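Everything in the sequence shown is counted per the working numbering, starting at 14 for the first residue and increasing by one. Beneath this line is the structure, given in structure tokens, with notes to follow.
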Amino acid sequence: MVSVIAFIGLGRMGGPMAANLVKAGHRVLGHDLDADALAAAVAHGVEPAASAPAAAGAADLVITMLPAGRHVLALHREEGLLAAARPGTLFVDCSTIDVADARTLHEAAAAAGHRALDAPVSGGVVGAEAATLTFMAGGGEAEFAEAEPVLAAMGRKAVHCGAAGAGQAAKICNNMILGISMIAVSEAFVLGESLGLSHEALFDVASTASGQCWALTVNCPVPGPVPGSPADRDYRPGFAAPLMAKDLGLAANAIRAGGVDAALGLRAAEAYAAFAEGPGADQDFSGIIRAIRDGALGTSHTTGTIEETTA
Ligand code: NAD
């Protein structure tokens, strides 16, 4: 049974996750470069550590929840997290990072005599607060089994997806589906508008027909059909567009590295990058419908028709 957990990165996600570990009875040694983030976690029972390596050196298991792969690798290698830990420590990285970076971290941990698990999450800040996150894990069976009770205190589901990097792979593949499908649903509503079709009529049909998907029935990009959706509150997140842009950027890296023919994934990554840098910077990712309606994402074909085919 794990008793002492080091938790590094106590931001929007890490703060409430660490608080839930405290609630579940674990002793949590926390560290964050941001004094306010650390203070908020301390108010929930996290013990402040003098530094990240100091926390890791006193822990049975180390969890990291950091912005990006470069922070994760620098902290573990150059900033001494791996060097400070007791031999055989299990490092669980819950950040969303590149699959290649995750594999590099597994290798670095093994070279330092430790063990690792990549365990990114889905569920957002609401899920982190309510301990209803889904974890997607990559690494060995034994490591997953050891981490599972700890993950259970922060979420309601943990899936062992395979070997090193498989958790990150599952995360970016899932979010690629989500990004593409949100654009598809948004384009369908905008096309419907141009054809005189009401939002309600399209929703009533597609939500119970073959167009049904999460982007339509849970995070519907037009106000009205799904009470409480981000569209109903002027597109306040929710799942912020810059986070979708980040995840699709990771997917695009993997698509290019693998030479995969995933044109829609690449196009979705471009669209969300443009949206997140502009009006979407502080909006839910479903706000992309406004950019589509405004023609801000690129191609609007007003001439020419595609010949009807007789298959
Ligand atoms: P955040 O910016 O709120 O928190 C990151 C924290 O890490 C910050 O408080 C920062 O000060 C700290 N930090 C950075 N480098 C550090 C270091 N070397 N040592 C100690 N602390 C350090 O970000 P977040 O929203 O909590 O996201 C964290 C990760 O979770 C990201 O990888 C993100 O993609 C992923 N994620 C976020 C969400 C979401 O809805 N916010 C959902 C799923 C996954």
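Backbone N, C-alpha and C define an ideal beta-carbon position, used for all residues, glycine too. Computed from a predicted model, the values in this text were never measured in an experiment.
- Within 6 Å of the C-beta of G251 there is not a single heavy atom belonging to the ligand NAD.
- For G151, the enclosing beta strand (DSSP E) begins and ends at 146-151.
- Straight across, the Cα-Cα distance linking G308 with A284 is about 11 Å.
- By the beta-carbon neighbour count (other beta carbons within 10 angstroms, threshold 16), R99 is exposed.
- Counting C-beta pairs with one atom in each stretch, the region 259-266 and the region 242-251 have fewer than three that are closer than 8 Å, which means they do not touch.
- According to the DSSP assignment, I76 belongs to the beta strand (DSSP E) that extends over 74-77.
- By the beta-carbon neighbour count (other beta carbons within 10 angstroms, threshold 16), Q225 is exposed.
- Taken in chain order, the complete alpha helix (DSSP H) segments of 4 or more residues contained in the region 172-235 are 179-207, 212-219, 227-230.
- Using a Cβ-Cβ distance cut-off of 8 Å, the region 148-162 and the region 118-134 are in contact, since at least three pairs of beta carbons, one from each stretch, lie closer than that value.
- Beta-bridge pairing by DSSP links P61 to G43.
- For the set A113, A144, L95, D106, the Cα lying nearest the Cα of A124 is the one of L95.
- With the rule of 3 Cβ pairs closer than 8 Å, the region 38-55 counts as touching the region 67-79.
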